[in-house]
Amino acid sequence: MAITSNVLDGGIAFNEWHSISFTTDYNGDGQANGGVEAYVELVNTSASSIDISGYQYFHINNGLVSQLAHTVPGGTTLAAGETYTIVSNNGSLTATMPSNITGQGAVADIAMNQSADVNLFLANPEGDFIVLQENGGNAFLGDDIIAAGLNPANQVGIDVVTAAGADQSIARVTDGEDTFETQTPSPGEPNCFFAGSRIATPSGMKAIEELAVGDQIMTASGRIVPIVWLARQTLSTKFGRPDALPVRIMAGALGEGLPIADLTLTADHAVVIDGVLVNAGVLVNGTTIVTVPLTELENSYTVYHIEIDEHDVILAEGLPTESFVDYTGRDAFDNHAEYLAMYGGDRLIREMALPRITARRLMPPSLRALLGIHHVTADSPETSPLNTRCAA
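Written out as structure tokens, the structure reads:
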């Protein structure tokens with residue numbers, strides 16, 4: 001898929017828009033208050049760091065008075081693939097610190113209530129701007145641009161989307177790409193393996209937490225490659241989202257004896273089935289593939305991801321799974337400083353050229369039959385391709 005050209009300063013793009021939540025507190029006031037739990041996520045799609053100091057984000061509904069929601073503080077730089085999330089304030093404008101997001105971010109100066117016909121603007125200090133527009137917003141676009149004090153001639157890109165429903169996001173598939181889809185909200189998170197997951201190496205299977213940078217592992221195609229980085233992140237059950245619980249794929253669940261033992265990974269980490277990347281969360285059938293209940297998790301737990309020379313398919317418990325791809329930047333992990341110390345800076349990894357399934361409605365009938373999934377409804381699981389994929 002193509003990287004979007006709707007960017008500021010060679011790389012900054014709108015990446016995810018979440019307009020309403022009744023289940024998750026994003027502005028840190030201790031409540032999930034519907035329309036005032038909105039957020040917009042920006043991403044650096046380039047291969048270099050970009051200074052976004054002084055960028056301004058405008059949020060406008062129904063052609064009403066333009067609202068400057070946030071000005072990015074001085075000294076704010078996004079590394080390649082890194083995100084910046086702007087979270088709505090509450091109705092009393094008392095929220096000060098975002099919650100349930102990963103990476104850089106801030107609480108807006110306004111309550112970003114959504115009604116309809118929305119135009120979202122992101123402008124740099126020079127006045128160039130990009131637009132994220134809900135279907136219907138075009139009728140108000142010209143007036144909204146003037147109301148925001150922007151010059152229509154300085155518009156450098158626009159993405160037109162259909163707003164997602166409650167507790168869903170509209171997001172690029174994948175980060176920085178041209179296509180938007182409805183997804184489970186995922187502001188800046190990594191998708192990973194859990195401790196104990198065994199990875200194929202030339203000398204046999206080894207638990208992921210026992211591996212180290214420089215160790216050699218096997219890809220599904222038979223390549224022997226060194227580990228560039230073993231990413232590590234500590235997650236909290238207290239502050240994590242209920243819809244992001246890890247997924248356990250039981251031994252043999254995907255046929256032909258795979259995986260060879262139970263495999264636990266985060267919901268947005270993809271396995272490869274018949275040449276297609278399938279996010280683990282959409283495979284859940286309640287019997288052989290299940291979400292891990294909170295009662296089985298400690299207050300916090302550690303997940304891992306393996307970076308090799310490129311985004312490729314590796315083997316975890318014999319099952320083809322994806323290696324690390326930098327959807328949201330490595331700073332989401334606990335040991336990002338270790339990476340910087342080894343390599344001096346982040347590098348951009350392009351996603352492999354395989355289609356990705358992030359919603360159950362996209363699953364082929366043969367896979368639904370294998371898993372015993374016979375009905376797909378509007379409430380069927382959807383996951384985000386964004387942000388991090390890991391194992392535990």
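With UniProt numbering, the residue at position 350 of the sequence shown is 350, and numbering never jumps.
Even glycine gets a Cβ: it sits at the ideal position worked out from N, Cα and C.
Contact set for residue i: own chain, Cβ-Cβ below 6 Å, skip 5 residues either direction
i: Thr288; result: Met250, Ala253
i: Ala164; result: Ile170, Thr182
i: residue 402; result: Nothing in the structure corresponds to residue 402, since the chain is present only between 1 and 392.
i: Thr162; result: Asn135
i: Glu41; result: Asn15, Glu16, Thr83, Thr85, Pro187
i: Ala111; result: Val36, Ser88, Asn89, Gly91
Other residues of its chain near residue i: CB distance less than 7 Å, five sequence neighbours each side excluded
i: Ile224; result: Pro202, Gln216, Met218
i: Met97; result: Gly28, Val107
i: Leu150; result: Phe121, Ala123, Gly127, Phe129
i: Asn119; result: Ile60, Val131, Gln133, Gly137, Phe140, Leu141, Asp144
i: Thr71; result: Gly54, Gln56
i: Asn285; result: Leu371, Gly372, Ile373
i: Gln31; result: Asp25
i: Arg232; result: Thr302, Tyr304, Phe333, Asp334, Asn335
Nearest-angstrom beta carbon gap, residue j and residue i [assumed within contact, 8 Å]
i: Leu152; j: Ser169; result: Looking at the sequence shown, residue 152 is not Leu but Pro. That pair is no contact at about 28 Å.
i: Leu258; j: Gly318; result: 5 Å
i: Gly74; j: Gly54; result: 7 Å
i: Tyr39; j: Tyr26; result: 5 Å
i: Asn44; j: Gly81; result: 6 Å
i: Asp159; j: Phe324; result: That pair is no contact at about 27 Å.
i: Ala220; j: Ile314; result: 7 Å
i: Tyr343; j: Ala195; result: Going by Cβ atoms, the distance from Tyr343 to Ala195 rounds to 25 Å, so no, they are not a contact pair.
i: His311; j: Arg347; result: With 8 Å as the limit, His311 and Arg347 do not qualify as a contact, their Cβ atoms being about 12 Å apart.
i: Ala316; j: Leu354; result: No, Ala316 and Leu354 are not in contact; Cβ-Cβ is about 17 Å, not under 8 Å.
i: Trp229; j: Glu307; result: 4 Å
Coil, strand or helix - residue i by DSSP
i: Arg368; result: helix
i: Met352; result: coil
i: Glu209; result: helix
i: Met218; result: strand
i: Leu258; result: coil
i: Gly252; result: coil
i: Asp159; result: strand
i: Pro226; result: strand
i: Ala270; result: strand
i: Leu340; result: helix
i: Leu150; result: coil
i: Arg347; result: coil
i: Ala164; result: coil
i: Ile145; result: helix
i: Ala171; result: strand
i: Leu245; result: coil
i: Ala332; result: helix
i: Phe239; result: Residue confidence is low: Phe239 scores 47 on pLDDT, short of 50, so the model does not pin down where it sits. No coordinate-derived value is stated.
Neighbour-count burial assignment, residue i, 16 or more Cβ in a 10 Å radius
i: Gly137; result: buried
i: Asn154; result: exposed
i: Glu298; result: exposed
i: Gly275; result: exposed
i: Asn61; result: buried
i: Phe239; result: Note that Phe239 scores 47 on pLDDT, short of 50, meaning its location in the model is unreliable; the coordinates nonetheless yield the value given after this. Exposed.
i: Pro364; result: exposed
i: Thr358; result: buried
i: Pro293; result: exposed
i: Thr234; result: exposed
i: Ala79; result: buried
i: Pro320; result: buried
i: residue 393; result: With the chain running from 1 to 392 in the structure shown, residue 393 is simply not present.
i: Asp117; result: buried
i: Asp326; result: buried
i: Asp334; result: exposed
i: Asp309; result: exposed
i: Thr94; result: exposed
i: Thr295; result: exposed
i: Ala200; result: buried
i: Ala166; result: exposed
Nonlocal neighbours in the same chain, by C-beta distance under 8 Å from residue i, ignoring five residues either side
i: Ile146; result: Pro152
i: Ala280; result: Val247, Ile249, Leu265, Thr266, Ala267, Asp268, His269, Ala270, Val271, Ile289, Thr383
i: Arg198; result: Met205, Lys206, Ala207, Ile208, Ala261, Ala316, Glu317
i: Ile50; result: Asp9, Gly10, Gly11, Ile12, Asn44, Thr77, Leu78
The ligand NAP heavy atom lying under 7 Å from the CB of residue i
i: Asn27; result: Looking for the ligand NAP in the displayed structure turns up nothing, as the structure carries no ligands at all.
*Which runs of the beta strand (DSSP E), 3 residues or longer, sit entirely within the UniProt domain "LTD" (1-139)?*
12-18, 39-44, 56-60, 67-71, 83-87, 104-107, 119-123, 129-134
*In chain order, which alpha helix (DSSP H) runs of at least 4 residues are fully inside the segment 273-322?*
Taken in chain order, the complete alpha helix (DSSP H) segments of 4 or more residues contained in the segment 273-322 number zero; there are none.
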